[in-house]
Amino acid sequence: MLIKEYRITLPVTVEQYYLAQLYMVAKETQEITKQSKVGEGIQVLKNEPFKNEKGEGQYTLKHFHIASRLPKWLRKILPKKSMVIIEESWNAFPYCLTSYSSPFLKKFKFSVETMHLADKGETKNALKCDKKTLKKRGVIKIDVVNDPLPKKSEFDVTTKETECGILPLKGKKWVEKADVVMTCYKLVKVEFPYWGSQKRVEKLVQKKAIHEVFTDTHRKLLCWADLWFSLTIENIREIEGETKRIYEIKVKEEKKRQGEKGEKDEKDERSTSDSESDDDDDDDEKITELKEKEETSSSSSEENDDSD
1 MLIKEYRITL PVTVEQYYLA QLYMVAKETQ EITKQSKVGE GIQVLKNEPF
51 KNEKGEGQYT LKHFHIASRL PKWLRKILPK KSMVIIEESW NAFPYCLTSY
101 SSPFLKKFKF SVETMHLADK GETKNALKCD KKTLKKRGVI KIDVVNDPLP
151 KKSEFDVTTK ETECGILPLK GKKWVEKADV VMTCYKLVKV EFPYWGSQKR
201 VEKLVQKKAI HEVFTDTHRK LLCWADLWFS LTIENIREIE GETKRIYEIK
251 VKEEKKRQGE KGEKDEKDER STSDSESDDD DDDDEKITEL KEKEETSSSS
301 SEENDDSD
C-alpha cells in the first residue's frame, strides 16, 4: 500500500470551501455526464443524509461508466463489469471519506480521507493517523500558485481576475499575505496487491489520478469562484437533480436504441429466412424441370427403339 498526504492551502474560509467543493463535484459530474456517450457517464444511485459513529452528513453512491474512455481493443477483451468504477462518499464536513472500488479488481483499494482546517498547512496529524500509518505516510504540499502549470492549462490563478476578489494570487509568500486561508488535508491510500504490477500501478495512481488531479481541480475551483461564491446549498442540490435527470434520459435513449436495433435484427433474420425459403422453392422447381426433361428424353428413346 502506498500512502500520501496532500496538503492544499487556499485563500478562502472553511465555510466557503464547503460550498465550493460541493459546486465543483456537482458541476464536474454534470459535464462528464453530458459529454459521455449514451448509457455512460456518472450514475448517481444514492444521495441521502447519513448518521454513524463518525458523525452525520451526506452519503452518495456513484457508478462511473468508463467504457468509452478505454481503447477499443481493450473494451473487446474486458468484461463489462470491469468498465465500472464504484464511488462511495461520506461527507460529514469538515471531515470526509471517499472510497473507490472495481467489481473486476476486488483486491484493489483506493480511499481519500479529508480534513479541512482553518490553518496554513502546518498541522502535523490532522487526520489522527496511528503510528504505523504515520511511518508509511509521505507528505506533499500542493502550491496552486507556484507549482508548474500544464502547457495548455486554462486555470492560471496568477492571471485570472475574479469579481469576488479571490484572484489573482502572486508571489512565493502569497499564503502569508492572504487575508484568509484554509487547508485541505487529504490522506490517500492506494493498494493494488497484484503480483508484478503493484508498485508501478500504485505510483501511477498517486501521481496521475491524485497529485495532478488535486492540483488542477483546486486551481479550477479558484478560477470559477464567481460561479459558486454566492450559491446556497439549495442551488447545489438543484444542479445534482438536473444531472440525475440527464443521466436517466440517456439511459432511456440507450434502451430505445437497443430495442430498435433488436427489432431490425429480427426483421433481417425473417428477411433472410424468407429469402432462403424462396431459394429452396426455386431449387425445387429446377429439380422438377430436370426430372421432366429426363422423362421426356427417356420416352423419346423408347419410341425410337420400337420403330426399329
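If you're matching positions, the sequence shown starts at 1 in full-length UniProt numbering and goes up one per residue.
We treat Cβ as the ideally placed atom computed from N, Cα and C, and that holds for glycine.
Since this is a predicted model, take the numbers as computed values, not measurements.
Measuring CA to CA, which of the options is closest to residue i?
i: threonine 29; options: Ile8, Gly41, Ala118; result: Gly41
i: arginine 245; options: Val44, Thr60, Lys76; result: Val44
i: valine 112; options: Thr232, Lys189, Ser230; result: Lys189
i: arginine 219; options: Val139, Ser153, Lys107, Thr133; result: Ser153
i: lysine 172; options: Lys151, Thr183, Asp147; result: Asp147
i: aspartate 226; options: Tyr247, Cys164, Pro103; result: Cys164
i: valine 14; options: Lys106, Cys184, Thr217; result: Cys184
i: arginine 237; options: Pro49, Ile32, Asp130, Pro11; result: Pro49
i: glutamate 31; options: Arg200, Ile239, Gly259; result: Ile239
i: tyrosine 18; options: Arg200, Gln35, Met115, Leu149; result: Met115
i: proline 150; options: Gly259, Val213, Leu22; result: Val213
i: aspartate 119; options: Ser230, Arg137, Val12, Ser101; result: Val12
i: lysine 34; options: Gln258, Lys250, Glu260, Gly259; result: Lys250
i: phenylalanine 64; options: Gly241, Glu260, Val175, Ser101; result: Ser101
i: aspartate 192; options: Phe104, Phe229, Asn52, Val180; result: First, the amino acid is wrong: residue 192 is phenylalanine here, not aspartate. For the residues Phe104, Phe229, Asn52, Val180, the minimum Cα distance to phenylalanine 192 belongs to Phe104.
i: serine 230; options: Lys51, Thr162, Gly55; result: Thr162
i: lysine 198; options: Trp174, Ile233, Lys109, Gly259; result: Sequence check: residue 198 is glutamine here, not lysine. Nearest of Trp174, Ile233, Lys109, Gly259 to glutamine 198, Cα basis: Lys109.
Leaving aside the five residues before and after residue i along the sequence, list all residues of the same chain whose C-beta is less than 6 angstroms from its C-beta, in chain order.
i: lysine 62; result: Ile42, Val44, Glu87
i: serine 99; result: Glu88, Ser111
i: glutamate 303; result: With a pLDDT of 49 at glutamate 303, under the threshold of 50, the modelled position of this residue cannot be trusted; read the value that follows with caution. There are no such residues.
i: isoleucine 287; result: Residue placement at isoleucine 287 cannot be trusted, given a pLDDT of 49 that sits under 50; what the coordinates show is reported in the next sentence. Cβ neighbours of isoleucine 287 beyond the five flanking positions: none.
i: leucine 97; result: Trp90, Glu113
i: cysteine 223; result: Phe155, Lys160
i: glutamine 16; result: none
i: leucine 22; result: Ile236
i: aspartate 143; result: none
i: isoleucine 210; result: Val188
i: tryptophan 174; result: Val145
Going along the chain, which residues of its own chain have a beta-carbon closer than 7 angstroms to the beta-carbon of residue i, five neighbours each way excluded?
i: asparagine 91; result: Gly57, Gln58
i: leucine 2; result: Val190, Glu202, Lys203, Gln206
i: glycine 121; result: Arg7, Thr9, Lys141, Thr183
i: threonine 60; result: Val44, Lys46, Asn47, Ser89
i: proline 79; result: Phe104
i: isoleucine 85; result: Phe64, Ile66, Tyr100, Ser102
Which whole-angstrom value is the C-beta distance of residue i and residue j, which I expect to be below 8 angstroms?
i: glutamate 5; j: lysine 132; result: Not confirmed; about 14 angstroms, so no contact.
i: leucine 167; j: alanine 20; result: Rounded, the Cβ-Cβ distance is 13 angstroms, inconsistent with contact.
i: leucine 169; j: valine 145; result: 5 angstroms
i: threonine 243; j: alanine 26; result: 7 angstroms
i: methionine 24; j: threonine 217; result: 7 angstroms
i: lysine 107; j: tyrosine 247; result: That belief does not hold up - the Cβ atoms of lysine 107 and tyrosine 247 are roughly 29 angstroms apart, past 8 angstroms.
Just to confirm my understanding: we take residue i, look at its own chain, exclude 5 residues before and 5 after, and list those with CB closer than 8 angstroms. What are they?
i: leucine 117; result: Val14, Pro94, Thr123, Ala126, Met182, Thr183, Tyr185
i: lysine 177; result: Gly171
i: arginine 137; result: Ile3, Lys4, Glu5, Cys129, Leu187
i: leucine 134; result: Asn125
i: isoleucine 233; result: Leu19, Leu22
Exercise. Can at least three beta-carbon pairs, one atom from the segment 149-165 and one from the segment 115-127, be found at a separation below 8 angstroms?
Worked result: No, they do not touch.
For this session: Pair every Cβ in the segment 44-55 with every Cβ in the segment 248-257, then say whether three or more of these pairs are closer than 8 angstroms.
Result: Touching, no.
Problem set entry | Segments assigned alpha helix (DSSP H), at least 4 residues, entirely inside the segment 209-238 | Within the segment 209-238, the complete alpha helix (DSSP H) segments at least 4 residues long are 212-223, 225-228, listed from N- to C-terminus.
Problem set entry | In chain order, each alpha helix (DSSP H) run of at least 4 residues that lies wholly inside the segment 112-148 | Every alpha helix (DSSP H) stretch that sits fully inside the segment 112-148 and reaches 4 residues is listed by chain position as 131-136.
Exercise. What alpha helix (DSSP H) runs, 4 residues minimum, are completely inside the segment 7-42?
Worked result: Considered as a whole, the segment 7-42 harbours 14-35 as its complete alpha helix (DSSP H) runs of no fewer than 4 residues, in chain order.
Problem set entry | Sequence ranges, alpha helix (DSSP H) only - wholly within the segment 238-263, length at least 4 | Positions of the alpha helix (DSSP H) runs, each at least 4 residues long and wholly inside the segment 238-263, cannot be given because no such run exists.
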